[in-house]
Amino acid sequence: MICFSKPIHKVFPFFSGVVDVTIVSKYQFFDEPADTWLYCYYTGSLINHQNGYQFGVEVNTGSGTVFTSRRGTGEISGRYNVRIYGDAGDFRVGAFSCRVRTPDNSQTEKAITFKMKSQADVWPVTFTVTANTGDPVTLQMVQKSNRTGTLVWRKGGVGGTVLTGQNGLNFTMASVRASDEGIYECYYQGDTDRKQGIMRLIVRGCTENKWGPPSCTGDCPVCYNGGVCDDNSGECVCPPGFHGQNCESACANNQIGTSCTRECEGGDCTGQLLCVMDPYGCSCAPGLMGIECNTGCPDGMYGAGCTQTCHCASGGSVCDVMTGACSSGGCEAGWEGSNCQTECDDGYYGNDCGESCGNCVTGTVCDKTNGNCPGCEEPWVGDTCKMIPATVSEGPESVTLVVENDTTFSCTGRGVPGPSVVWYHGEEIITPGNGIRIDVTDGGLVGEQHVIHSTLTITSVRRQHNGKYVCISSNVAGHETSQEATLVVQERPDDVTVNVTAVNSTTLHVTWIVGETGNLDILDSQVRYKRSDTEDWGDWESTGVSGAKGDVYIHSLQLAVMYDVQVRVHNLLGWSDPGSGRMGTTDETGPPESVSVASIIGGSVGAALLVVVLLTVGIICYRRRHAAERQDPIGGQIDLNMIKTDDPSDSASAENPTCTELHEYNSPYETPIYNITDLVTVDDVVEFLKAKGFGQYAAAFKRHKIDGVAVMYLNDAVLAELVPEIGPRVKLQKALQELKDNQTYTSLLN
1 MICFSKPIHK
11 VFPFFSGVVD
21 VTIVSKYQFF
31 DEPADTWLYC
41 YYTGSLINHQ
51 NGYQFGVEVN
61 TGSGTVFTSR
71 RGTGEISGRY
81 NVRIYGDAGD
91 FRVGAFSCRV
101 RTPDNSQTEK
111 AITFKMKSQA
121 DVWPVTFTVT
131 ANTGDPVTLQ
141 MVQKSNRTGT
151 LVWRKGGVGG
161 TVLTGQNGLN
171 FTMASVRASD
181 EGIYECYYQG
191 DTDRKQGIMR
201 LIVRGCTENK
211 WGPPSCTGDC
221 PVCYNGGVCD
231 DNSGECVCPP
241 GFHGQNCESA
251 CANNQIGTSC
261 TRECEGGDCT
271 GQLLCVMDPY
281 GCSCAPGLMG
291 IECNTGCPDG
301 MYGAGCTQTC
311 HCASGGSVCD
321 VMTGACSSGG
331 CEAGWEGSNC
341 QTECDDGYYG
351 NDCGESCGNC
361 VTGTVCDKTN
371 GNCPGCEEPW
381 VGDTCKMIPA
391 TVSEGPESVT
401 LVVENDTTFS
411 CTGRGVPGPS
421 VVWYHGEEII
431 TPGNGIRIDV
441 TDGGLVGEQH
451 VIHSTLTITS
461 VRRQHNGKYV
471 CISSNVAGHE
481 TSQEATLVVQ
491 ERPDDVTVNV
501 TAVNSTTLHV
511 TWIVGETGNL
521 DILDSQVRYK
531 RSDTEDWGDW
541 ESTGVSGAKG
551 DVYIHSLQLA
561 VMYDVQVRVH
571 NLLGWSDPGS
581 GRMGTTDETG
591 PPESVSVASI
601 IGGSVGAALL
611 VVVLLTVGII
621 CYRRRHAAER
631 QDPIGGQIDL
641 NMIKTDDPSD
651 SASAENPTCT
661 ELHEYNSPYE
671 TPIYNITDLV
681 TVDDVVEFLK
691 AKGFGQYAAA
701 FKRHKIDGVA
711 VMYLNDAVLA
721 ELVPEIGPRV
731 KLQKALQELK
741 DNQTYTSLLN
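Numbering-wise (UniProt numbering), the sequence shown opens with residue 1 and increments by one.
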């Protein structure tokens with residue numbers, strides 16, 4: 001029992017039937033003086049030929065057209081046979097036929113076979129060639145003897161047409177017509193021994209797959225296993241060993257006839273040429289090939305004359321050489337049926353035609369072997385048009401929420417085959433775990449597309465969850481990335497970096513940068529400080545600075561003391577943890593330990609006078625400057641007016657020129673912490689440069705051995721070499737000039 005994976009759609013049309021007649025030439029090549037045999041198998045009745053005999057001679061090949069009397073005849077039901085004796089000589093050579101009338105007397109047909117001498121000079125490659133009207137045809141002979149000379153082709157026997165222009169083993173016609181049909185002989189010019197090769201050309205009256213001349217409007221049915229469409233009736237004329245309206249069925253071994261009721265003589269068809277009615281002609285029995293019909297089929301070929309190709313999925317070795325049936329593995333792609341000779345219907349392909357074609361572009365069908373389409377209907381893609389690239393039909397949406405809350409993103413992918421959905425955070429693929437869960441559900445079919453739903457849940461969001469999220473839907477046909485969804489996690493500010501630098505001996509410059517604003521605006525900032533050797537912090541002072549960056553100056557600090565400074569910032573969710581910085585103020589001004597202040601400024605009298613003057617001016621300036629200001633308990637104050645300014649300025653009253661002049665020396669950038677007499681050695685100069693903010697040039701001064709004397713008398717060219725930048729060079733010149741002026745002022749005091 002043969003089972004199919006899909007319904008069989010083949011419809012075999014009903015015909016009235018082909019005339020059942022087969023003429024067999026046993027030992028079609030005979031030796032001298034051997035006997036040879038003819039058999040006629042039929043249904044109906046034989047029609048006698050000349051002289052009332054059942055076998056006829058089709059053409060005169062040199063011995064006339066009357067069947068030899070040197071014969072012995074035998075008859076059983078449905079078979080008539082004749083033994084031609086060896087002494088019949090050349091009468092054994094030729095084209096012989098038997099003619100049959102159907103039982104209802106409605107049709108008459110004949111079949112023609114051949115006999116030749118085995119010593120013939122040339123043999124045909126095949127005894128019959130069937131062609132369609134208009135086909136190019138080449139009749140072929142092969143050399144069998146060592147005879148040489150001129151080969152001649154003749155059509156129609158003795159008295160027929162000697163064909164000119166072609167004198168080789170092949171005779172070619174570019175486009176055959178019905179009039180070209182007939183029996184052809186090829187022989188060496190002057191041959192009198194009847195050693196010619198004989199063959200027959202059968203020409204269908206229509207072009208391929210058409211029947212009903214002269215209009216030929218009928219479409220031929222599919223004729224399997226090598227069957228040929230009769231151009232007159234539109235029926236399939238089956239090869240020997242096959243039957244059925246479409247020649248779809250194989251007979252048992254050595255069985256012949258349209259109903260497989262006849263058997264080759266001796267139960268073995270080897271060495272016998274089997275010929276049926278036109279337009280099929282002659283061939284060997286199934287499983288045999290060669291002009292003598294004594295060679296078995298090679299692997300992969302089967303049928304009458306081994307002309308048919310096996311279609312077994314497991315290869316030719318499992319193919320039955322007689323029937324084409326596959327002993328294992330089923331049919332190869334594109335074929336089905338009991339012997340794998342039925343081509344797939346339109347719309348099906350693959351092994352045993354078990355696959356349905358994809359969505360080929362309208363008006364086309366897929367390849368029956370591999371299912372490939374010439375083009376696809378939208379949105380289908382792929383060779384077989386069975387895939388739809390994956391898409392994202394619903395992507396994640398952006399969300400903003402406060403830290404430690406939960407959130408869920410959703411994504412829906414669709415495609416054929418069903419897609420997979422992968423989540424990305426930035427460039428990194430997301431995997432479940434550590435508070436992250438991914439759930440996938442099958443959404444079934446929407447139309448013909450598979451739908452997949454995926455959700456990404458983040459439990460208790462943290463700062464590291466900030467960023468861009470996408471899902472990618474993908475299958476073998478393609479992929480699509482969703483729109484970006486942004487997760488904004490709001491939290492208190494964090495990571496405040498504080499930097500503290502000394503402006504001068506009593507002033508600190510505090511700057512800060514907020515590393516994490518918490519995805520909210522910074523609304524305010526506060527600063528506090530303390531001496532590093534104490535535990536008590538001062539009060540938080542608002543700077544009035546918003547934003548992620550800020551700076552402030554702290555004035556009136558104690559000399560040469562290490563301070564700790566903290567800054568905190570505020571957004572809608574609260575204050576940040578304080579960011580801290582530590583800095584020692586600039587070293588206390590004064591002469592080297594080995595040199596007294598009095599000696600530097602010109603003697604004890606001058607020193608005493610200077611102390612009195614400075615104390616007097618300092619008291620006046622202090623009272624004026626701090627009368628209306630709150631004194632910091634630690635010894636300094638925050639100058640809020642200096643926030644985001646480049647240079648701190650003194651607020652001394654302009655009403656007292658002396659106070660103003662003295663305060664200028666206490667400004668952050670201009671405090672004269674040296675007298676000119678302090679500059680003696682190269683190291684003194686280096687220390688001076690560092691204290692004045694020119695430390696980057698100290699190495700150059702030291703390398704050129706610039707001491708105290710040299711520094712006061714530097715010409716412009718040397719100074720330009722030591723300090724290439726114009727701005728710093730001008731400031732240094734000013735500082736040096738102040739030293740000189742200070743020395744002059746000290747001299748005046750003396």
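Quick reminder that beta carbons are idealized off the backbone N, C-alpha and C, glycines included.
| query | result |
| --- | --- |
| Tell me, please, whether the CB atom of His243 is closer than 9 angstroms to any CB atom in chain D? | Absence of chain D from the displayed structure is noted, only one protein chain being present. |
| So what's Arg70 in DSSP terms, helix, strand or just coil? | coil |
| Using the rule of at least 16 other Cβ atoms within 10 Å of the residue's Cβ for burial, across every protein chain shown, is Gln449 buried or exposed? | buried |
| When you compare only the Cα positions, how much space is there between Asp352 and His425? | 49 angstroms |
| Assign Ser327 to one of two classes, buried (16 or more other C-beta atoms within 10 Å of its C-beta) or exposed (fewer than that). | exposed |
| Can you list, in chain order, the residues of its chain with a C-beta nearer than 8 angstroms to that of Pro379? Leave out the 5 residues immediately preceding and following it. | Ile388 and Pro389 |
| Buried or exposed for His49, please, with buried defined as at least 16 other CB atoms from any protein chain shown within 10 angstroms of its CB. | buried |
| Could you round the C-beta distance between Val392 and Gly413 to whole angstroms and report it? I think they count as a contact, below 8 angstroms. | 6 angstroms |
| Answer yes if the segment 108–121 comes into contact with the segment 188–203, meaning at least three C-beta pairs across the two stretches below 8 angstroms, and no otherwise. | yes |
| With a Cβ-Cβ cutoff of 9 angstroms, do Val137 and Ala131 count as a contact? | yes |
| What residue range is occupied by the uninterrupted alpha helix (DSSP H) comprising Leu689? | Val682 to Ala691 |
| Between Cys40 and Thr22, is the Cβ-Cβ spacing less than 9 angstroms? | yes |
| For Arg79 versus Tyr42, is the C-beta spacing smaller than 9 angstroms? | yes |
| So, helix, strand or coil for His555, using DSSP? | strand |
| For Leu572, count the other beta carbons within 10 Å of its own beta carbon; 16 or more makes it buried, fewer makes it exposed. Which is it? | exposed |
| Going along the chain, which unbroken runs of the beta strand (DSSP E) with 3 or more residues stay wholly within the UniProt domain "Ig-like" (124–186)? | 128–132, 137–143, 151–155, 161–163 and 170–173 |
| Hey, could you find the ends of the alpha helix (DSSP H) Met712 is sitting in? | Gly708 to Met712 |
| Quick one: what's got a C-beta closer than 8 angstroms to Asn294's C-beta in the same chain, skipping five residues either side? | Thr270, Gly271 and Leu288 |
| How should Leu736 be labelled, buried or exposed, when 16 other C-beta atoms within 10 angstroms of its C-beta is the threshold for buried? | buried |
| Excluding the 5 residues flanking Ser314 on each side, which residues of the same chain have their C-beta closer than 6 angstroms to its C-beta? | Ser328 and Gly329 |
| Taking DSSP as the reference, what is the three-state secondary structure of Tyr697? | helix |
| Going by other Cβ atoms of all chains shown within 10 Å of its Cβ, with 16 needed for buried, is Glu208 buried or exposed? | exposed |
| From what residue to what residue does the beta strand (DSSP E) around Leu572 run? | Note, Leu572: premise wrong, no beta strand (DSSP E); not H, not E. |
| Measuring straight from C-alpha to C-alpha, what distance separates Ala698 and Ser576? | 41 angstroms |
| For Asp87, which of Ile76, Thr102, Glu75 and Arg70 has the nearest alpha-carbon? | Arg70 |
| Residue range of the beta strand (DSSP E) that Val489 falls in? | Ala485 to Gln490 |
| What is the DSSP secondary structure of Arg194, counted as helix, strand or coil? | coil |
| For the 8 angstroms Cβ check, are there 3 or more pairs between the segment 247–256 and the segment 161–178? | no |
| Among the candidates Leu722, Gln526, Val514 and Met712, whose CA atom is the shortest distance from the CA of Asp741? | Met712 |
| From this set, Thr501, Gly574 and Arg147, which residue's C-alpha is nearest Tyr563's C-alpha? | Thr501 |
| What does the Cβ neighbour count give for Val18, buried or exposed, with the cut at 16 atoms within 10 Å? | buried |
| Ala717 lies in the alpha helix (DSSP H); which residues open and close that run? | Asp716 to Leu722 |
| Would you call Asp278 buried or exposed, if buried means 16 or more other Cβ atoms sit within 10 Å of its Cβ? | buried |
| Just the C-alpha distance for Ile706 and Gly693, rounded to the nearest angstrom, thanks. | 17 angstroms |
| Report the residue ranges of all beta strand (DSSP E) runs contained in full by the segment 27–55; include only those spanning at least 3 residues, in chain order. | 36–42 and 45–47 |
| Which residues share a DSSP beta bridge with Asn537? | What sits at residue 537 in the sequence shown is Trp, not Asn. According to DSSP, Trp537 bridges with nothing at all. |
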